[in-house]
Structures are given as structure tokens and as C-alpha cells.
Amino acid sequence: MRIGQNPAKFVKDVAKPSRVTVAVLNYIPFLSGYYADMLNVLDACLNGIWENTDSNYDLMVFDNGSCEEVIRYLRDAQDAGNIQYLILCDKNLGKGGAWNMILASAPGEIIAYTDNDCQFSKGWLNQSLKILETYPNTGMVTARPFQTNPDFYSRTLEWAETTPGVKVEHGHLIPFQTLHQFNLSLGQTNEYSRSLIDKAEDIRMTYQGIQSYAGGSHWQFIARKSVLAEFLPFEMDRPMGQVKELDRRMNAAGYLRLMTVEPLAMNLSNTLLPNDQERVRSPESGKKRRIYDFAPVKSFLLGLHNRIFNIYYRD
């Protein structure tokens with residue numbers, strides 16, 4: 049039997065979600081080893097969003113089974129009013145499983161997705177939205193120019209070269225330092241990064257006065273929720289390594305995949321330490337590095353690390 053009236057009946061107005069949901073996928077299972085600095089990286093990511101997002105948005109954080117210290121940090125941020133939607137998973141669903149939930153449940157018309165190791169600069173969302181809302185049939189916009197697989201933006205190039213009013217430029221157009229900084233953040237050596245930059249071609253487009261580069265990537269992007277819904281669900285049987293499926297599917301469907309002209313997002317990887325950009329190494333440290341990079345040694349050490357990780361942190 050009901051006693052009294054539900055007070056909710058007398059509420060006249062309810063909050064409406066913002067048009068844009070900024071969604072962060074987080075996974076920090078422990079704070080040692082590879083993940084020793086990751087709470088600081090997550091903090092830099094979230095602070096970059098809070099301080100440098102110049103459009104209205106709601107923030108969603110999906111935590112994929114992190115340790116207690118990280119959960120406490122996220123709960124405190126939500127209690128302070130800085131996170132509007134906090135989803136806590138007690139186990140790691142992998143990126144595909146997390147995407148299925150994030151991309152389906154985010155309340156905004158536009159989803160600005162990012163991994164937890166991305167740092168944003170002022171204007172990142174406005175500049176991304178400008179491209180998304182100017183170019184037709186846009187699938188995703190990443191807030192940084194970098195070199196991506198041409199196979200994943202072939203339909204973008206096809207559109208640009210066959211559409212009247214689009215100016216297309218080919219060549220080494222992205223500043224070297226912009227590309228080099230990003231390559232180093234992925235753990236590439238100076239020499240390998242330079243060789244990639246020398247070989248690749250950048251494609252810059254101008255449409256209705258707005259410039260962009262062909263490309264884009266799954267690690268950070270903005271997209272319409274209705275477009276992303278076309279590619280759900282993702283059935284990935286590994287936690288990582290299959291995430292380029294979104295890039296491939298979006299290109300195959302004929303959607304444009306674009307990047308901002310300015311570098312407004314940066315991959316931090318797993319540390320706030322500066323990139324090993326032009327550091328001078330001693331002969332001894334260089335010799336050690338060559339030993340660690342020797343294929344059989346590298347394979348053994350990474351395999352050992354993976355086994356230890358599975359023993360302690362996988363079901």
C-alpha cells in the first residue's frame with residue numbers, strides 16, 4: 049500500500065543534457081609499473097577538459113575496472129560537480145565493450161570521445177565542431193593533425209577530389225615538430241619518426257573557408273551520436289588492438305574522417321615526463337637500449353610482463 053504522494057510528482061522541470069557529451073574512457077588497474085604515473089595523466093586529461101573546453105558540455109567518465117585510489121579520485125571529482133555522469137565497472141570490458149556502453153548511453157547529440165591519456169588545449173572542441181558542422185557527411189573529427197593510414201581516409205580524399213568548391217593540397221604540410229612530437233609520444237625513436245615523416249604525404253582541404261586535414265583516429269574524436277550508432281555493437285575479443293575497426297568501418301561507409309589544422313590534443317601515453325625528444329644519451333645507455341630493442345630480448349621481456357599481468361589482474 050502506498051503511503052502519501054511521491055514528491056517527484058510536484059517537480060515541474062528536469063535538467064536537460066548538454067548537446068555535447070565529452071566521454072572519457074579510463075582504465076588504471078594499479079598504480080605501479082607501467083601505470084605508476086597514470087593517475088597524474090588522468091588528472092591532466094580531466095583538467096585539460098575542465099579548463100580548455102569553450103563550449104557547453106556534460107562530462108561522462110566510464111571507468112573500466114580501475115583500482116580503489118582511482119575510483120576515489122573520480123568520486124571526489126563527481127562530488128565536486130565536475131563529472132556529470134560517472135559509470136563504474138567492476139571489471140575490464142575491453143575497449144569494444146566500453147564503447148558499446150558509452151556510445152549508446154551518452155545523452156548528447158554529439159559525443160566527444162577521448163582515451164584517458166589525452167591532454168587538450170584551448171579551443172579544441174570549438175575548432176572540432178566547426179569542421180564537423182561545415183563539412184558534409186562527416187564521420188569524425190580529431191583535434192590534432194598527425195599521420196594516419198591512407199586506407200582509412202580513402203573515401204574522404206575521393207570526396208574532396210570530386211566535389212566542386214573543395215581546395216585540395218598534397219605534400220609535407222603539417223609542421224615537422226607537430227608530427228615528431230606526436231610520434232615520440234607513441235614511443236617511436238627519433239630516427240624512426242623522421243623516416244615516417246619523410247615518407248608520408250599530408251592532405252589538406254579547404255571547404256567553405258574552413259581548413260582540415262584528411263585523417264582522424266579512434267583515440268580522440270568528436271562525432272554525431274546518430275552516426276556512431278550505425279557501427280554498434282563492437283565485438284572485440286581482446287582488450288586492445290582491434291580499435292581501428294571504427295576507423296575502417298567509418299571509411300567504408302563513406303563518412304569523412306578529418307583533423308583540425310592546429311594541434312589541440314596531445315597523446316600523453318603513460319607519463320607526464322617530457323618526451324625523450326632530442327635527449328643526448330651516453331654510449332652506455334644507448335648500448336642498453338639496443339639490447340632491449342633486440343627482437344628476441346624484447347619479445348621475451350614483453351611476454352614475461354604480459355604473463356605477470358594476466359596472473360594478477362585478469363580473471
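In the working numbering, the protein residues as written are 49 to 363. Virtual Cβ for every residue (Gly too), placed ideally from N, Cα, C. Treat the numbers as computed from the prediction; the structure is a model and nothing was measured.
Contact between the stretch 202-221 and the stretch 166-180: three or more CB pairs below 8 Å?
-> no
Which class does residue 282 belong to by DSSP, given the choice of helix, strand or coil?
-> coil
Can you tell me the Cα-Cα spacing of residue 153 and residue 218, whole angstroms?
-> Taking the straight line from one Cα to the other gives about 39 Å.
So which of 86, 292, 97 and 312 has the shortest CA-CA distance to residue 199?
-> 292
Kindly indicate the opening and closing residues of the alpha helix (DSSP H) around residue 253.
-> Boundaries for residue 253: no alpha helix (DSSP H) harbours it, while the beta strand (DSSP E) harbouring it runs 250-255, taken from the DSSP string.
Skipping 5 residues on each side, what residues in its chain have a beta carbon closer than 7 Å to that of residue 187?
-> 271, 275, 298, 303, 304 and 305
Residue 80, buried or exposed, once every other Cβ within 10 Å from all chains shown has been counted against 16 | exposed
Per DSSP, what kind of secondary structure is residue 210 in: helix, strand or coil?
-> helix
Throw me the rounded Cβ distance for the residue 86 and residue 76 pair, which I believe falls under 8 Å.
-> 5 Å
Extent of the continuous alpha helix (DSSP H) to which residue 126 belongs | From DSSP, the alpha helix (DSSP H) with residue 126 extends over 116-127.
Cβ-based burial, residue 167 [other Cβ within 10 Å; buried from 16] | By the neighbour-count rule (16 or more Cβ atoms within 10 Å), residue 167 is buried.
Could you tell me the distance, in whole angstroms, from the CA atom of residue 224 to the CA atom of residue 237?
-> 15 Å
Taking all protein chains shown into account, do 16 or more other C-beta atoms lie within 10 angstroms of the C-beta of residue 367, making it buried, or fewer, making it exposed?
-> Coverage of the chain is limited to positions 49 through 363, which leaves residue 367 absent and any answer about it impossible.
Does the separation of the CB atoms of residue 148 and residue 281 fall below 8 Å?
-> Yes; because the gap between Cβ atoms is below 8 Å, this pair is in contact.
I think residue 112 touches residue 151, with their Cβ atoms under 8 Å apart; what is that distance to the nearest whole Å?
-> Actually they are not in contact, since the Cβ atoms of residue 112 and residue 151 sit about 14 Å apart, beyond 8 Å.
Can you name, in chain order, every residue of its own chain whose Cβ lies under 8 Å from the Cβ of residue 325, other than the five neighbours on each side?
-> Only weak support exists for where residue 325 lies, its pLDDT of 38 falling under 50; the value from the coordinates is given anyway. If you ignore the 5 residues before and after residue 325, its C-beta comes within less than 8 Å of the C-beta of 228, 229, 232 and 238, all in its own chain and listed in chain order.
Nearest neighbour of residue 117, chosen from 300, 88, 128 and 131 [CA to CA] = 88
What are the partner residues of residue 307, as DSSP defines its beta bridges?
-> 190 and 261
Kindly identify the DSSP beta-bridge partner or partners of residue 146.
-> Note: residue 146 sits in no beta bridge, so no partner.
Check whether the Cβ atoms of residue 162 and residue 105 sit closer than 8 Å, and answer yes or no.
-> no
Residues in its own chain within less than 6 Å of residue 145 by CB, not counting five upstream and five downstream?
-> none
Rounded separation between residue 122 and residue 134 - CA only | 8 Å
Contacting residues, own chain, Cβ-Cβ under 7 Å from residue 331 (five flanking each side not counted) = For residue 331, the pLDDT reaches just 42, beneath the cut-off of 50, and the residue's location in the model is therefore unreliable, leaving the point undetermined.
Tell me whether residue 113 sits in a helix, a strand or coil according to DSSP, three-state version.
-> If DSSP states are grouped into helix, strand and coil, residue 113 belongs with coil.
Please look up how many angstroms separate the CB atoms of residue 125 and residue 320, rounded, as I've assumed it's under 8 Å.
-> Wrong, their Cβ atoms sit about 18 Å apart, outside the cutoff.
Take residue 49 and list the residues in its own chain whose beta-carbon comes closer than 7 Å to its own, dropping the five residues that flank it on each side.
-> none
Residue burial classification, residue 143 (beta-carbon count within 10 angstroms, cutoff 16) | Flag for residue 143 reads buried.
Quick one: using the 10 Å Cβ neighbour count with 16 as the cut-off for buried, is residue 131 buried or exposed?
-> The residue in question, residue 131, is buried, as its Cβ has 16 or more Cβ neighbours within 10 Å.
Could you pull the start and end residues of the beta strand (DSSP E) that residue 133 belongs to?
-> 133-136
Range of the contiguous alpha helix (DSSP H) that encloses residue 224 | 224-233
Enumerate in chain order the residues of its own chain whose CB-to-CB distance from residue 115 is below 8 Å, with the five nearest sequence positions on each side excluded.
-> 76, 77, 78 and 79
Cβ separation of residue 261 and residue 307, assumed to be a contact under 8 Å, to the nearest whole Å = 4 Å
For residue 184, is the classification buried or exposed, using 16 other Cβ atoms within 10 angstroms of its Cβ as the cut-off for buried?
-> exposed
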